[in-house]
Amino acid sequence: MPSVLWIPTPPSFGSVSMQRYFGVLDSVVREQIVDGLKEFEITPLVPYEGLMAGSNSRMIRALDKWALYRWRVSRAGKYDLVHGLAHGLGHPLSHLRGSPRTLATVHDLIPLRFPGELTKSQVARVRRQTERLGRFDLLTTVSEFTAREVMELTGIPRERIRVVENGIDQKAFRTPSDVPAALQRLSGRPYVLSVGSAIPRKNLEILPEVFSEFLAQEPDFVLVRAGAALPAELRERFSRLCGEERLIELGRIPDETLVPAYQHATIFFFPSLYEGFGLPVIEAMAAGTPVVCSNATSLPEVGRDAAIYFDPKDPAEGAAALFEALSRGPELVRKGLKHSSGYSWDRTMKGHLACYRELLV
């Protein structure tokens, strides 16, 4: 039986999304439900938690990230194939034993398109990591858009790239739920949901103008934010244009609260300027909520004809898209449920298994 070593992103890297990506795929492997899993012996790099996981010391986390992690790779033994679950993990390749086939998953190349979100040293490190992509025998990307980004920014030909899309927990999003306690104060009032961080590329800057124009004709609505709080200046501008009472910030919430927040929203609004995939779009659709999102990068590919798109630089167009979502609500719900049903972590795992077969035949 061919042996496969998974190299997940260690907790010391500080990426919650990458830890979640490993966690859901690891659950799929443990459950052994997906056809083809028994063809391979898949072993995650252990101890995955890292000797220094949870430490707040930058020095200790750096030691774990750049020294101890490489040491664990060198001690992992020989495998037929090594799969880096994030493309930034190319640095341990030289520490592998033997000559295994190699595969890496590229989630996005956001730091190269939005370098202002990182320090100069961090951007330089990402550039080095991206340059190492050529060392892998095969790459997977989470979307066709990201595949094109890899080709443009690295010169790696399309024939060395396979698209393996992300998935969602279908059961969690399709199981009916009660209104979460955090939203019961709305007493049934309709709300538009916004999810995610508040970094510049998420384009939350347009929220005050979009929502004020929307409220002019739909005064009963409230904007609900799940994720990082709005910056003070943006929050003040929203309060001035829309009214302070029109914004409810839930902060970072667990999935047990996030899923009901999706399900009970009237519209999901996602104005992002750049996504490697755009998982919230599929999550909202699976929850039965109409989606309005920007027409940028991967989002039209992910949402297909089940969402309404707008120019993320045009607040008036964003407001018009919200009005259209209201008028086409039942149609969008129906299309969204159908489209999102094709996205599961089992399907993602099958895509990776196909790559394993390709490399090991």
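First residue of the sequence shown? That's 1192 in the numbering used here, and the numbers climb one at a time after it.
Don't be surprised by glycine CBs; every beta carbon is placed ideally from N, CA and C.
Item	Value
Check whether I1359 and G1275 have beta carbons under 8 Å apart	no
Sheet register partners of P1235 (DSSP bridge)	W1197
Per-residue DSSP class, three states only, for H1553	Residue 1553 is absent from the structure shown; the chain starts at 1192 and stops at 1552.
Exposed unless 16 or more other CB atoms sit within 10 angstroms - verdict on P1348	exposed
Contact under 8 Å by Cβ, V1273 with P1291	yes
Bridge partners - C1484, DSSP secondary structure assignment	F1461 and Y1500
For G1442, three-class secondary structure by DSSP	strand
Cβ contact (3+ pairs, closer than 8 Å) linking the stretch 1408–1415 and the stretch 1472–1487	no
Start-end ranges of the alpha helix (DSSP H) lying completely within the stretch 1350–1380, minimum 4 residues	1361–1365
Close beta carbons around M1192, own chain, < 6 Å, minus the five adjacent residues each side	E1232
Identified DSSP bridge partners for A1295	G1275 and L1330
Anticipated Cβ contact below 8 Å, N1394 with P1471, distance rounded	About 13 Å separates the two Cβ atoms, so there is no contact after all.
Pair within 8 Å by beta-carbon distance, S1312 and G1467	no
Bridge partner(s) assigned by DSSP for R1416	S1385 and E1440
Assigned secondary structure, V1220 (DSSP; H/G/I helix, E/B strand, else coil)	helix
Contact belief for N1357 with T1200 at Cβ below 8 Å, rounded distance in angstroms	N1357 to T1200, Cβ: 15 Å. No contact.
Sub-8 Å separation of V1297 and V1341 beta-carbons	yes
Per-residue burial, E1396 [other beta carbons within 10 Å of its own, 16 or more giving buried]	buried
Exposure of D1299, with buried meaning 16 or more beta-carbon neighbours within 10 Å	buried
DSSP-derived helix/strand/coil call for Y1453	helix
Y1547 - DSSP class collapsed to helix/strand/coil	helix
Cβ-Cβ distance between G1494 and F1501 below 8 Å	no
Alpha-carbon spacing of T1366 relative to L1449, whole angstroms	13 Å
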